[in-house]
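Top to bottom, those sequences are chains A and X.
If you want this note's numbering, it's the 1-based position in the first sequence plus 5.
If you want this note's numbering, it's the 1-based position in the second sequence plus 65.
Ideal Cβ placement from N, Cα and C applies to all residues, glycine included.
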Amino acid sequence: MDIIITGLLLGGTYALIAMGLNLQYGMARIMNLANGELLVVGGFAAFWLFKVGGVSPYLTIFIVAPLAFVANWLIYKIMLRPLVKRAKSRGKLEVDAILTTFGISFVAVGLMLAVFGGDYFNYSYLATPVHIFGATYGANRLSAFLAAVVICGALYLWLTFSRTGMAIRAISVAPDSARLVGIDVPKMAAIAFALGGAVTASGGSIVSTFLTLDASTGVMFTLKALVIVIMGGVGDVRGTIVAALLLGILETFVARVIDPGLTLSAAYLVFILILLFRPQGLFGRAQS
Amino acid sequence: MKRRTALQLTAALIAAGTIAMPAMAQETLKIGAVGPKTGPLAGGAIVSYWPNVELWASDVNGRGGLDVGGTKYKIDIVEYDDQTNPGETIKAVQRLATQDKADFILPPYSTGLNLAAAPIFAQFGYPMVTSTATSDQIEELSEKFPNMFFTLGGAQAIATSTAEIMSAMRDNGDIGNRVAMVNVADAFGIELAEAARPVFKAAGFELVYDSSYPLGTQDLSPVVKAAKDANPDAFVAWSYPPDTFGLTEQAMIEGLDTKVFFTAVATSFPAYGERFGEAAEGILGVGGVNADGEAFKTYAARHLEVTGSKPDYWASAMVYSSFQILEKAIEATGSLDKAEVTDYIKNNAFETVIGTIDFDEHNNNTSFWTVGQWQGGVFKGVASTGREGAVAPALKASWK
Numbered sequence: 006m007d008i009i010i011t012g013l014l015l016g017g018t019y020a021l022i023a024m025g026l027n028l029q030y031g032m033a034r035i036m037n038l039a040n041g042e043l044l045v046v047g048g049f050a051a052f053w054l055f056k057v058g059g060v061s062p063y064l065t066i067f068i069v070a071p072l073a074f075v076a077n078w079l080i081y082k083i084m085l086r087p088l089v090k091r092a093k094s095r096g097k098l099e100v101d102a103i104l105t106t107f108g109i110s111f112v113a114v115g116l117m118l119a120v121f122g123g124d125y126f127n128y129s130y131l132a133t134p135v136h137i138f139g140a141t142y143g144a145n146r147l148s149a150f151l152a153a154v155v156i157c158g159a160l161y162l163w164l165t166f167s168r169t170g171m172a173i174r175a176i177s178v179a180p181d182s183a184r185l186v187g188i189d190v191p192k193m194a195a196i197a198f199a200l201g202g203a204v205t206a207s208g209g210s211i212v213s214t215f216l217t218l219d220a221s222t223g224v225m226f227t228l229k230a231l232v233i234v235i236m237g238g239v240g241d242v243r244g245t246i247v248a249a250l251l252l253g254i255l256e257t258f259v260a261r262v263i264d265p266g267l268t269l270s271a272a273y274l275v276f277i278l279i280l281l282f283r284p285q286g287l288f289g290r291a292q293s
Numbered sequence: 066m067k068r069r070t071a072l073q074l075t076a077a078l079i080a081a082g083t084i085a086m087p088a089m090a091q092e093t094l095k096i097g098a099v100g101p102k103t104g105p106l107a108g109g110a111i112v113s114y115w116p117n118v119e120l121w122a123s124d125v126n127g128r129g130g131l132d133v134g135g136t137k138y139k140i141d142i143v144e145y146d147d148q149t150n151p152g153e154t155i156k157a158v159q160r161l162a163t164q165d166k167a168d169f170i171l172p173p174y175s176t177g178l179n180l181a182a183a184p185i186f187a188q189f190g191y192p193m194v195t196s197t198a199t200s201d202q203i204e205e206l207s208e209k210f211p212n213m214f215f216t217l218g219g220a221q222a223i224a225t226s227t228a229e230i231m232s233a234m235r236d237n238g239d240i241g242n243r244v245a246m247v248n249v250a251d252a253f254g255i256e257l258a259e260a261a262r263p264v265f266k267a268a269g270f271e272l273v274y275d276s277s278y279p280l281g282t283q284d285l286s287p288v289v290k291a292a293k294d295a296n297p298d299a300f301v302a303w304s305y306p307p308d309t310f311g312l313t314e315q316a317m318i319e320g321l322d323t324k325v326f327f328t329a330v331a332t333s334f335p336a337y338g339e340r341f342g343e344a345a346e347g348i349l350g351v352g353g354v355n356a357d358g359e360a361f362k363t364y365a366a367r368h369l370e371v372t373g374s375k376p377d378y379w380a381s382a383m384v385y386s387s388f389q390i391l392e393k394a395i396e397a398t399g400s401l402d403k404a405e406v407t408d409y410i411k412n413n414a415f416e417t418v419i420g421t422i423d424f425d426e427h428n429n430n431t432s433f434w435t436v437g438q439w440q441g442g443v444f445k446g447v448a449s450t451g452r453e454g455a456v457a458p459a460l461k462a463s464w465k
């Protein structure tokens, strides 16, 4: 029981980290390697507002998310839209997007170093124990899990039932056909990319309540997010959630029952198995 | 070579011939500095390494420059970011030696990056007074690279000091002999865990939990839970900065309330004390300084004034001291000849902010701080191999 709850809590964290990338990669078709940097920016905003004004990181989301939405929308319009326009195939776009966002990630690290310095930052927020079924959990991790449930749930409902959400899913499934039914593909892709950025930055604000971050840690989160998105199936919100939770439970199980040193190996073993036997991911559609 | 001889000649002429006009002809000395500004170790380097480069240059230039045989040389620092990548460290040192023609190069940051750069320093003959490298293979290394010096000590001594502190507490009847030990699965953590295992055992401690976790683990609660389940009297973690913070916070949440609580790198950072405040009281960590000594106090005040940040209570002062050694050796020999300066470092003792440093026949500084403890909001040295100013270690009270 303890393992399952701890695993679910970690899985919630992973879902927060990976959900934004799923929107950007799955829907807008941009493999954003600067995703982790954005997460760190969100974390730093939460840290700064908490230190200066005592603002709760959960309130910071309401500032960070709109700002990140606008910033990502601009990045998409200015830097990524030209790539989409000239790309002849999805593969070509992927290569271009990877190179461009890789560059953006370096710029982002440089800017963060200049603005916040390279020091570690962390703070104590809700670092109090909560007892569930006789075991203890950090209140900050528990609230992060609840936030993940709210964010992922809202995204899922919105994508499934709203008109815009449906349009975004349409461009994810068939960008060429989507145009035929009157969907403004560039606009929807920009929205999906910007929304992904907003989700990632919000996730950063939330995970900063219990993780120690610094300007260069972004790449670690990008990698984790990438693994989860690919495991779950590109472009499927449910897949990302399931993969994140599975990975959380698996890592916790290995850490408690076998050895904490093997968590990474176990995670990558599962990743390799999925790539070998179900390359489209748990919920992905087979590529034609 | 010719230019240098000419310089020396001019310097000698000025010194001998003229009485007036001191410090008129300003010369500059090019000093290279290579360290992480990005990558996994950037967070540590930005606390312990880079501010000292700035402070040292400001101190020396504030005095009018380095006095080399009567001529004052201002210091011009050429900095490179090695991205915490050994390949980049090597490239940067090569570039400094061949293209920038640096007169001297400051040692890189961290054990791994220093070891990576050692052959290049040796190849070009630069004296390399390392300040952030811990190793138990100092004899072999100094034989291979005779220009390489060690100041921060080795894993063996740190493990031994930790065991001695715990033994004293056990013999007092304050703690039992159950130890839970964890380590980060990276060079530093593995080396210390391997050094500690036999030492703890020989001291009569029982390792009731012994495990490692990968670098960058996001959730340390399984580790802390398992350690707590083993019901230890002491908790020892050979950890790196992000996990040092994470383990401490988890231990408070899980109520892992041992009277000995030890975390490694970053426990000595001012940010650690700020983060945990009262709760940090009594936490042991690797490192330490003579925090009450005048030398450290004035150094810390200058560090804050010039760089705007506080030094940490371990490597910072050692980094600055290693720069001082280079500075003093250059001034004492009155020469920019690398071999001559290296030779002087080998054969002389140096007064630095950390105290006297005198290298043994293996280029090793044998007196260094091993363990410190947060007491009264300051991380004070509680154990060393021959440094003055250690305070008595105390038992940690329950988490507040």
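- Chain A has a Cβ within less than 7 Å of the Cβ of PRO287 (chain X).
- One Cα belongs to ASP251 (chain X), the other to PRO279 (chain X), and the distance between them is close to 8 Å.
- A straight-line Cα-Cα distance of about 12 Å links PHE150 (chain A) and ALA249 (chain A).
- Under the 7 Å criterion on CB atoms, ASP284 (chain X) is classed as interfacial with respect to chain A.
- Distance between VAL190 (chain A) and ALA157 (chain X), taken at the CA atoms: about 47 Å.
- Contact between ILE422 (chain X) and SER386 (chain X) holds, with the beta-carbon distance rounding to 6 Å and staying under 8 Å.
- Among the CB atoms of chain A, none fall inside 7 Å of the CB of THR313 (chain X).
- CA-CA distance, THR169 (chain A) to TRP163 (chain A), rounds to 8 Å.
- Taking a Cβ-Cβ threshold of 8 Å, the residues of chain X close to TYR128 (chain A) are ARG340, in chain order.
- The continuous stretches of beta strand (DSSP E) do not include GLU346 (chain X), and DSSP gives it neither H nor E.
- For VAL133 (chain X), the enclosing beta strand (DSSP E) covers residues 131 to 133.
- In the displayed model, LYS93 (chain A) falls within coil according to three-state DSSP, outside both helix and strand.
- By the rule that beta-carbons nearer than 7 Å mark a contact, SER123 (chain X) does not touch chain A.
- Going by C-alpha positions, ASP425 (chain X) is about 10 Å away from ALA414 (chain X).
- By the Cβ-count criterion, TYR81 (chain A) is buried, with 16 or more other Cβ atoms from all chains shown falling within 10 Å of its own Cβ.
- Around the beta carbon of ALA404 (chain X), fewer than 16 other beta carbons sit within 10 angstroms, so the residue counts as exposed.
- SER61 (chain A) has a beta carbon lying at 7 Å or more from every beta carbon in chain X.
- Between THR323 (chain X) and PRO287 (chain X), the C-beta spacing is not below 7 Å.
- TRP379 (chain X) sits in coil when the DSSP states are folded into three classes, being neither helix nor strand.
- Taking C-beta separations shorter than 8 Å and ignoring five residues to either side along the sequence, the partners of LEU391 (chain X) in its chain run PHE169, LEU171, PRO192, VAL194, VAL406, ILE410, following chain order.
- Collapsing the DSSP output to three states places PRO287 (chain X) in a helix.
- Taking LYS229 (chain A) as the centre and dropping the five residues before and after it, the same chain places the C-beta of TYR19, ILE22, ALA23 closer than 8 Å to its C-beta, in chain order.
- According to the DSSP secondary-structure assignment, TYR145 (chain X) is paired through a beta bridge with X:VAL99.
- Chain A has a Cβ within less than 7 Å of the Cβ of ALA250 (chain X).
- Contacts with chain X at 7 Å (Cβ-Cβ) do not include SER182 (chain A).
- Contact between GLY237 (chain A) and GLY48 (chain A) fails: their C-beta atoms lie close to 23 Å from each other, not under 8 Å.
- Taking the Cα of PRO376 (chain X) as reference, the smallest distance to any Cα among X:PRO105, X:ALA110, X:LEU94, X:GLY97 is reached at X:ALA110.
- Think of a sphere of 8 Å around the beta carbon of TYR278 (chain X): the chain A residues whose beta carbon falls inside it are ALA260, PRO265, GLY266, THR268, in chain order.
- With the rule of 3 Cβ pairs closer than 8 Å, the segment 137 to 148 of chain A counts as touching the segment 311 to 330 of chain X.
- Separation of ASN127 (chain A) and LEU14 (chain A) (C-alpha to C-alpha, rounded to the nearest whole angstrom) is 20 Å.
- Apart from the 5 residues on each side of it in sequence, SER110 (chain A) sits with its Cβ closer than 6 Å to the Cβ of LEU38, ALA39, GLU42 in its chain, given in chain order.
- Interface residue (Cβ-Cβ distance to chain X less than 7 Å): GLY123 (chain A) is classified as such.
- Identification of chain A residues near PHE327 (chain X) by a Cβ-Cβ cut-off of 9 Å yields none; the smallest Cβ-Cβ distance measures about 18 Å.
- Within the segment 141 to 223 of chain X, the runs of alpha helix (DSSP H) at least 4 residues long that lie entirely inside it are, in chain order, 151 to 163, 176 to 189, 203 to 209.
- Under the DSSP assignment, ILE22 (chain A) falls outside any beta strand (DSSP E), being part of the alpha helix (DSSP H) whose first and last residues are 7 to 26.
- Interface residue (Cβ-Cβ distance to chain X less than 7 Å): THR257 (chain A) is classified as such.
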